[in-house]
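Colleague: Our numbering numbers the first residue of the sequence shown as 9 and each following residue consecutively. Just passing along the structure, written as structure tokens.
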Amino acid sequence: MKRLIITILFCAFLTTSIIFEQTFIDKTFDGLKERVEVLAVSIEECGEEAIDTDENKKLGAEILDYWHDREKTLCLLIKHAELFQITDSLLYLKNFIEFDNKEEAFVGIEKVKYLIDTHNYVLGTSLQNII
Numbered sequence: 009m010k011r012l013i014i015t016i017l018f019c020a021f022l023t024t025s026i027i028f029e030q031t032f033i034d035k036t037f038d039g040l041k042e043r044v045e046v047l048a049v050s051i052e053e054c055g056e057e058a059i060d061t062d063e064n065k066k067l068g069a070e071i072l073d074y075w076h077d078r079e080k081t082l083c084l085l086i087k088h089a090e091l092f093q094i095t096d097s098l099l100y101l102k103n104f105i106e107f108d109n110k111e112e113a114f115v116g117i118e119k120v121k122y123l124i125d126t127h128n129y130v131l132g133t134s135l136q137n138i139i
């Protein structure tokens, strides 16, 4: 009887861990993608003018801060080696906004969106990620 109770509690713990992990990953990547899309719209609205506006710089810094805050927790769930590419891409994007290079900023936006989509798919719930 004790083994059955321990097994049930262990299964409940694993299920709760899986739900927490997947929910946190989904919310983090959805929030990041949403913020990057807002930045893309803001850059697009600049037209032929300079993109190194205070608003765009602020949005780029907020995206990076958002990612750094979430990355700390994600590193407990996922190998950091799989997350550094997103950090590098966000830094790339932020730098080209500050350098007023619109083409490279859009390349950075597309790269971040691609990495979000692929990482969100790859980093789904699995027993290996839980253990």
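Virtual Cβ for every residue (Gly too), placed ideally from N, Cα, C.
#1: Is it a yes or a no for the stretch 53-64 touching the stretch 81-95, going by three-plus beta-carbon pairs under 8 Å?
#2: Does the distance from the C-beta atom of L47 to that of I71 stay below 9 Å?
#3: Using alpha carbons as the reference points, say which of L82, F21, V44 lies closest to A113.
#4: How far does the alpha helix (DSSP H) with G55 in it reach, from first residue to last?
#5: Taking the Cβ atom as the reference point for each residue, do L101 and I117 lie within a distance shorter than 9 Å?
#6: Considering Cα atoms alone, identify which of I33, L12, I13 is closest to I86.
Modeller: With the structure as the only source:
#1: Short answer: they don't touch.
#2: yes
#3: V44
#4: From DSSP, G55 is part of no alpha helix (DSSP H); its letter is neither H nor E.
#5: Yes, these two residues count as a Cβ contact at 9 Å.
#6: The shortest Cα separation from I86 among I33, L12, I13 belongs to I33.
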